[in-house]
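Same order as they appear, the protein sequences are chains C and R. The opening residue of the first sequence carries number 1 in this note's numbering; numbering runs sequentially from there. The opening residue of the second sequence carries number 1001 in this note's numbering; numbering runs sequentially from there. Think of the CB as a built atom: it goes at the ideal place given N, C-alpha and C, for glycine as much as any other residue. These figures come from a predicted structure and were not determined experimentally.
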Amino acid sequence: MNVVVCVKQIPDPADPGALDPTTKTLKRDGKLILDESDSYGVEMALQLVTAAGGGEVTLVSMAPNGEVSGLRTALAMGAAKAILVSDDALAGTDALGTAKVLAKAIARVEGADLVLTATESSDGYTGTVPEQIAGLLDLPSVTFAKQIEINGSTLKVQRQTEDGFDDVECPMPALVSVTAGVVEPRYPSFKGIMAAKSKPVDTLTVADLGLEGQVGWAGAGQQIVAIEEAPARESGEVIEDDGTAFEKIVAFLDNLKVL
Amino acid sequence: MALSKIWVLAEASDGKVATTTLEILTKVRELAGTVEAIYAGGDADAVAAQLGEYGASKVYTTGDLAGALPGVPVANAIAALVEGGNAPDAIIAATSYVGRDIAGRLSAKLDRTVITNNVDLEVDGDKLVTTEPVFGGSTNVKTTFTAAGPHLVLVRPKSFAAESAGGAAAAVETIAVPDSGKSGGAVITNRHVEEREGPSLDEAAIVVSGGRGLGEATSFVMVEDLAKLLAAAPGASRAIVDAGWVPYSYQVGQTGKVVKPTVYIAAGISGATQHMVGMKGSKNIIAINKDAEAPIFSVSDLGIVGDVHKILPQLIEALKAR
C-alpha cells in the first residue's frame, strides 16, 4: 500500500497575511510551515500503510525558495520521502497550474495506490485542486472523506454531506480529499525528527516536469484587477461580566423581538 | 454591456431548488442575455418551474446518475456540451460539495481556470469580474479572466438575495452523459442522514457558535442547549472542528459555511480571520470571550468579556424561565 500525500507549506496563520503591492498575490516569502489541514492526510496515510502491513508514504509539495520546513515536519511524523517542486517560474501559478504541477509530480511516484489531499489549503483555500489533480491524472476520486477503509483494491469511504454522510465505494488507484479533525495527527517523536533530517527530498523544477509556459504568470488564466478595503463593520458596546451580563444578552434579544 | 450566455449549475433536494442556486440565478440574469441551468437529477421536470421563475430559460439535465458521485459525470456532460459548440461565456456554481467537485473536474477537462469563493459578480465591457474577500473579509480582491472562455466561477452562498423574475417554466433538455471510464468509479452505496433538530445553519435566523474557549468537547452541549431554546442552529469555529469535537458540517468561516442570520452568538470564539469571513455579514453579533483583546469584539454589537462557562448556563436558565 503506497500512499502519496499532497502537502502545502504556508505562511504561519498566526502572522497577519499581506498582499504584494506589485504582483497582488499573497506574500509567501518568509518561513513556511506545514498547513495544519494537511496533517490529517499525513496521519491517515500512515495509519492506512500500517493497517495494510507494508508500503510507504510519499509527500508531494510545491513551494517557493526550496522550502522544506513543512516537509520535514511530515517526514518526522513518518513519511518515507518527499518530492518538492520549487522554481521561480512558479510565481503567479493559479489553482489549475498548481494541480498540473502536483499531478506531474505524483505521476513520478511508482506504484501509488492512493493520493490523499486536504479539502482545501488554509491560505489560498480555492478548494478545487484535489478534483483538478484527479481530473488531470484521470483517477476516480472521493472528496470530503471522514473515514477511509481499504478492502482489497476498493476504497470504502465515509463522505461528509450537508446532512450526514454517504458511504462511497471507489476502485483504486484513486484520489481522496480528507476533512480536518477526523484523525488525531501524531506529534513527531525526537527519533522521528532526527530521522527526518536524512530522508530523501527530491527537488524538481518546472522544466523537469515539462510544464514550461503552462504555469506561473504565463499560464495563469486570471488576473487581479483591483484590491479594495471592504467596508468595516462598526462594533458596539463591550462590557465586563459582573455576573449579570446574561441579562444584557436577554434584553438585546428581546429588543430584536427574536425571543 | 452584458454577456451573451451564462450557465448556472443548479442544485436541488426533494424537488426544491437550493436557495444558493436561486441567489445565483437572480444575480446573473442582470449580467447575461440568456441564462440556462444545468441540473443533475432525475426530477428536472419538477424543478424546471422554479428555475424558470428565477430566470433560466432552459434546463439541461443529465437525468439520474444512478448513485455516481456527480463530479465526474456532470463535468463530462457539460464539457461535451461546450465542445459541441454550445459554449456559454461563463459557467457558475455555488461553493458547495457538489459545486466544487464539478467545477474542479470541469476546470481540468476544459483546461480553464476556476475562480472561487466569490461574493460578487459584475461585467466590465465584455469581461466578467469577480470579487473575493481575503484576510477575514477586511479586503476585497477583484479578479478577471485572461484566457478564453467559458469562464468558471464558484460563488459563496448568501452573496445575493434571491428574487423571483416571474419567468415561465424552463424548457427541459436531456443531455448525454459520456462514459466516464475508470475516473467515474466512485459510487454512493448508502446515505446516512444525521437527525438534527431545528433549523439548518444556512436557513436559521439565529446561529449559536462555539469555539476553543469552551475548553472541552463536552461543553459544546451548552451551545446546543442554547441553540435549542432560541430555535437556532449550532455552529462551530474551525479550531474545534479540527480538534474533532463536532463534524465539519458545523464549521462557520472561510473553509466552512457563510451565515448571515439576524443574530449570531459567538461563544468562546476569538475571531480568527478564518472565522470572521463566514459570519461578519450577520445583522447582529453577540460575542462572549474572556479575552478583552479578542478580535471578535471589533465586529460585535454586544460584547461580553467573561467566562462562557458562567454566562451560558445563566443565559440558558433565564431563557428557560421565560
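Between R:M1279 and R:K1260, the alpha-carbon positions lie close to 6 angstroms from each other.
Taking 8 angstroms as the upper bound on Cβ-Cβ separation, chain R lies near residues A220, G221, Q222, Q223, I224, V225, A226, I227, E228, E229, A230 of the segment 211-231 of chain C. Identification of residues in the segment 130-143 of chain C having a C-beta nearer than 9 angstroms to some C-beta of chain R yields P130, E131, Q132, I133, A134, G135, L136, L137, D138, L139, P140, S141, V142, T143, given in sequence order. Residue nearest to C:Q9 within the set C:A174, C:G92, C:T73 is C:T73 (criterion: CA-CA distance). Residues of chain R with a Cβ closer than 7 angstroms to the Cβ of C:A245 are, in chain order, I1304, G1306, I1311. Of all alpha-carbon atoms in C:A103, C:A95, C:A91, C:G92, the one lying nearest the alpha-carbon of C:I83 is that of C:A103.
Between R:T1062 and R:P1157, the C-beta spacing is not below 9 angstroms.
Taking a cut-off of 8 angstroms on C-beta distances, the segment 104-116 of chain C does not touch the segment 223-237 of chain C, as fewer than three cross pairs fall below it. Chain-ordered, the chain C residues with CB closer than 8 angstroms to the CB of R:G1184 read P140. Inside the segment 1067-1118 of chain R, DSSP marks whole beta strand (DSSP E) runs of 3 or more residues at positions 1090-1094, 1114-1118, from first to last along the chain. Three or more beta-carbon pairs drawn from the segment 1042-1058 of chain R and the segment 1165-1179 of chain R are found closer than 8 angstroms, and the two stretches are therefore classed as touching.
Around C:T143, the same chain offers T119, P130, E131, R159, V176, S177 as residues with beta carbons nearer than 8 angstroms, after the five sequence neighbours per side are excluded. Neighbourhood of R:L1022 in chain C, by CB distance below 8 angstroms: empty, with the nearest CB roughly 17 angstroms away. R:H1309 is not bridged by DSSP to any residue. R:E1293 has its alpha-carbon roughly 35 angstroms from the corresponding atom of R:E1197. Taking each of R:R1322, R:G1185, R:T1113 in turn and checking the Cα distance to R:A1066, the smallest one comes out for R:G1185.
In the DSSP secondary-structure assignment, R:Q1050 is not bridged to any residue.
Sequence-ordered contacts of the segment 1202-1218 of chain R with chain C read A1205, I1206 [C-beta pairs closer than 8 angstroms]. By the neighbour-count criterion, in which a residue is buried when 16 or more other Cβ atoms sit within 10 angstroms of its Cβ, C:L259 is exposed. The shortest C-alpha to C-alpha distance from C:L59 to any of C:T203, C:A91, C:L71, C:L48 is the one to C:L71.
By the Cβ test, the segment 1029-1046 of chain R is in contact with the segment 1003-1016 of chain R, since at least three Cβ pairs between them sit closer than 8 angstroms. Note: C:I10 is bridge-paired with C:I33 in the DSSP secondary-structure output.
A check of alpha carbon separations from C:T179 across C:S37, C:G164, C:G17 identifies C:S37 as the nearest.
R:K1228 does not reach chain C, its nearest Cβ partner there being about 14 angstroms away, counting only Cβ pairs nearer than 7 angstroms. Selection C:L136, C:E234, C:G92 evaluated against C:L19 yields C:G92 as nearest (Cα-Cα). Your pair R:L1022 and R:A1162 checks out as a contact, with CB atoms roughly 4 angstroms apart and the cut at 8 angstroms. With 16 or more other Cβ atoms from the protein chains shown falling within 10 Å of its own Cβ, R:T1143 counts as buried.
By the Cβ-count criterion, R:R1322 is exposed, with fewer than 16 other Cβ atoms from all chains shown falling within 10 Å of its own Cβ. Residues of the same chain with a CB within less than 6 angstroms of the CB of R:P1088, apart from the 5 flanking positions on each side, are K1005, I1006, W1007, P1150 in chain order. Residue state for R:F1160 is assigned as coil, using DSSP reduced to three classes. Cβ-Cβ distances below 8 angstroms link R:D1301 to N1284, I1285, I1286 in the same chain, with the five nearest sequence neighbours on each side left out; the list follows chain order. In terms of CA proximity to C:L137, R:R1105 leads the group R:F1160, R:M1276, R:R1105. In this structure, the beta-carbon distance from R:G1210 to R:I1269 falls below 9 angstroms. In this structure, C:D163 sits away from R:E1216, with a CB-CB distance that is not shorter than 9 angstroms. In this chain, R:Q1274 is not harboured by any beta strand (DSSP E); it is covered by the alpha helix (DSSP H) spanning 1273-1279.
For R:R1156, no chain C residue has a Cβ inside 9 angstroms of its Cβ, as the nearest lies near 11 angstroms away.
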